[in-house]
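Structure first, then comments.
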């Protein structure tokens, strides 16, 4: 991710948008005309056809991120020309074959990149086929060599584009394996049976009967199937970008329509039910976009791993197909009767989504492929590494270390030092139960993985943070009291004074100070700005009176960071301050709250004329709301961590193995869907974690991360309850089978997570405003 030139990508995106807006692409799409060869050459002149082709082969070498930006804009504009079919697939394949004649291949590739030759890729022989070598059929194309020429017979199906082309790249099976040929349009014996796609484009079935092609039509003999499969996966990734563009524009058109359309005397945009439906569709689009970027980053990092390429391509296509279909289907519904007509632009987007979602494999096929290819979690956390590690450095180049070595080191440390009796505990432990582990991490210097080194942290990259979290979950490491680590610490690093950092950060790192959060009040939960706990200025002190509630494990804390009202004469957000309070101060009292799981996880805290030094004020007086929002961002980022979902997945796999469920196709398909949800959650989380680490503002899409993380966790918890059978209704502390799986815990914990940090309904309201819906 760090090697991507984001400014260049945005310049390419802006240039593509400008180019596409010079003509009315939507009207052209309605006309359902064949590819415009003059316009195709213009597309070539701006560099799109050679954008991803290496410079050594005459291309621009700008990579797939740049191409994805172009395809997304093409999807938004509804470009009629088959950019994936005639641009991406032929160029990607020709660049990856081992040519029989390099000069012949290079000339053909240059003709494709220059827009002079329009080709289709003819590889598919059966419906639903995902890989070139999947299943040869009686109707597949065969080849025999005869007198300096080749004779082809057979059929290829669902070839795109199917009309107006100069020829096709055709795979054919012979005695020496699969070869690749260029078959010119008009070759005797080759018949293109053209049929229209849902978007108006033309595909065809190629019927090839004793077609004789010259010797130089043979392009490659070796590694053809692998090259085709790689080109197909790259094509699917670019399809995903185009689908994201289709979905984004359909949603934008819907927002504009709802803002102007009146019903019952109100704009449709003001109806919360419609707002939430749009937000959920937007969430799918963001997941698709982040899944695509994660896939492209993965391919850049490990370009030769074919299994990994197939896995991430299927994951991206499955999510993008879902996003495209859901967003465009919703757009029709929100537009009402006009949306069901060809006169309305959303019909174009819906038809485009239908075509793209089905071609090169639909969402179900790719979900199943992902489920078959994605590595399964390890059977347990007790698998020994070959040589146990005994030396654990306090400091190292963690981010430069190979990930496998980093994971092995972390895993070894957990095995050596984490208490066995505290493994896989599915509820929050009190300080007296977990403090020894906290002190162990503190002594090791590993207590604050995300903090900068200069403040005592490990400065882990987002990828390394996720690896650290995954290994902790795998070993069953309980979450230590961490509100000082994940919330207050980053706030002080960003907003505190040097004196405050020197006074408070060391105590967080050592465990000498245990912090609780004081935000919510009885009438100020999601509407946090309505808080009434007040602090009156009295010389060098503030005197605090009021109440805080739902403070996690505040009964164990030594300190609290809290929001207090310091001015009642201004609008409610403007009169709030951020204060650090020693809970040993006179006037503080606490009452634990027992949850439905029977655990005293929360606490009410009462303040009766509590005197707090003004030096404990973070930021300026009455300027706490901005800090509060930043902290809420960190809290939502933490709530959006994939570790909770991944832990639930581990528990599901544990029971599924015990019960033999992994061999059940229905269960495997449901599990694959949830694994996709968790994987895309990880991709989205990584983007925000990178922003937080770089000190950049966290965008409004953070609300979507919180919603998706907690609801994915809840869906996984529900499946765990289902497969645990009777244990799904047992007490939360009763373990399933060997006692390592607490079937009820993930679901119950997820229920709480959908409420904390602003309920998921409030998060949807927040993002509805970001979409521009009036009245949101």
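In full-length UniProt numbering, the protein residues as written are 1 to 776.
Glycine residues also receive a C-beta, built at the ideal position from the N, C-alpha and C atoms.
Check, Outcome
"Closer than 8 Å to chain B by CB, residue 757", "Considering every chain present, this structure includes no chain B. It has just one protein chain."
"Boundaries of the beta strand (DSSP E) in which residue 191 is found, first to last residue", "190-196"
"Proximity of residue 99 and residue 219 at Cβ, strictly below 8 Å", "yes"
"Nearest to residue 711 (by Cα), restricted to the options 252, 196, 746 and 404", "746"
"DSSP bridge partner residues for residue 119 (one or two, in chain order)", "167"
"Reduced DSSP secondary structure (H/G/I, E/B, other) of residue 756", "coil"
"Beta-carbon proximity list for residue 409, same chain, < 7 Å, skipping 5 on both sides", "389 and 392"
"Collapsed DSSP secondary structure at residue 220 in the structure displayed", "strand"
"Residue 383, buried or exposed, once every other Cβ within 10 Å from all chains shown has been counted against 16", "No answer about residue 383 holds up, because its pLDDT of 49 lies below 50 and its placement is not dependable."
"Backbone secondary structure at residue 401 - three-state DSSP", "coil"
"8 Å Cβ cutoff met for residue 654 and residue 588", "no"
"6 Å Cβ shell around residue 640 - same chain, five flanking residues per side excluded", "685, 705, 706 and 709"
"Coil, strand or helix - residue 99 by DSSP", "strand"
"One or two residues paired with residue 149 in a DSSP bridge", "146 and 214"
"Through-space distance from residue 477 to residue 381, alpha-carbon basis", "Since pLDDT at residue 381 reaches only 44, below the 50 mark, its modelled position is unreliable, and the value read off the structure follows with that caveat. Looking at the two C-alpha atoms, the distance is approximately 11 Å."
"N- and C-terminal bounds of the alpha helix (DSSP H) containing residue 38", "37-45"
"C-beta atoms of residue 176 and residue 125 nearer than 8 Å", "no"
"Residue 383, DSSP secondary structure in three states", "Note that residue 383 scores 49 on pLDDT, short of 50, meaning its location in the model is unreliable; the coordinates nonetheless yield the value given after this. Coil at residue 383, not helix or strand."
"Beta-carbon proximity list for residue 150, same chain, < 6 Å, skipping 5 on both sides", "143 and 213"
"Residues that residue 548 bridges to, as DSSP identifies them", "605"
"Chain-order list of residues whose beta-carbon lies under 6 Å from that of residue 591 (same chain, five-residue window excluded)", "604"
"Own chain partners of residue 347 with C-beta closer than 8 Å, once the 5 adjacent residues on each side are dropped", "332, 339, 340 and 341"
"Identified DSSP bridge partners for residue 697", "In DSSP, residue 697 forms no bridge with anything."
"Beta-carbon contacts of residue 49 that lie in its chain and below 7 Å, excluding the five residues immediately before and after", "43, 87, 91, 112, 113 and 115"
"Residue 29 (DSSP reduced to helix, strand or coil)", "helix"
"Chain-order list of residues whose beta-carbon lies under 6 Å from that of residue 643 (same chain, five-residue window excluded)", "469 and 473"
"Nearest to residue 503 (by Cα), restricted to the options 692, 618 and 284", "618"
"DSSP bridge partner residues for residue 159 (one or two, in chain order)", "204"
"N-terminal and C-terminal residue of the alpha helix (DSSP H) that residue 291 is part of", "272-301"
"Inter-stretch contact at 8 Å, needing at least 3 Cβ pairs: the segment 358-374 / the segment 303-321", "yes"
"Residue 782: first and last residue of the uninterrupted beta strand (DSSP E) it sits in", "Lying before the first or after the last residue shown, residue 782 is absent from the chain, which here runs from 1 to 776."
"Rounded straight-line distance, which links the Cα of residue 371 to that of residue 294", "18 Å"
"Cβ-Cβ distance between residue 192 and residue 164 below 8 Å", "no"
"Backbone secondary structure at residue 437 - three-state DSSP", "helix"
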